[in-house]
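**Student:** Structure below; questions to follow.
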Amino acid sequence: MKTMEKTTFTEEQMKGARQLCGILNETSGDKKSVFLAIANAYMDGMATGVAVAAAGTLK
């Protein structure tokens, strides 16, 4: 069973998360679904970039 690692976030990361939550709270209806899909795709892309860089395959 995989355990959760404790992650410490910087103040800048927390500020960005608060801004994202604020935007999400102000978005309604169908626009919220589109916004969430785009945000998830962006985050998946960022995670992939980090994994590729960590693997040393990025030139």
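Residues in the sequence shown are numbered from 1 upward in steps of one, following this note's numbering. We put the CB at the ideal spot given by N, CA and C, even for glycine. None of the values given here were measured: they were computed from a predicted structure.
(1) In chain order, what residues of the same chain have a beta carbon less than 7 Å from the beta carbon of K66, not counting five sequence neighbours either side?
(2) Let's see if you can read the secondary structure: which residues bound the alpha helix (DSSP H) around F35?
(3) Please tell me whether L24 and F9 are closer than 8 Å, where the distance is taken between their beta carbons.
(4) Note down the Cα distance separating T57 from V50, rounded to an integer number of angstroms.
**Tutor:** Taking the coordinates as given:
(1) Residue 66 is absent from the structure shown; the chain starts at 1 and stops at 59.
(2) Walking along the sequence shown from the start, residue 35 turns up at place 35. Looking at the DSSP string, the run of the alpha helix (DSSP H) that includes F35 is G29 to A55.
(3) Counted from its first residue, the sequence shown places residue 24 at position 24. Counted from its first residue, the sequence shown places residue 9 at position 9. Contact flag unset, no.
(4) By one-based count along the sequence shown, residue 57 stands at place 57. By one-based count along the sequence shown, residue 50 stands at place 50. When rounded, the distance between both Cα atoms is 11 Å.
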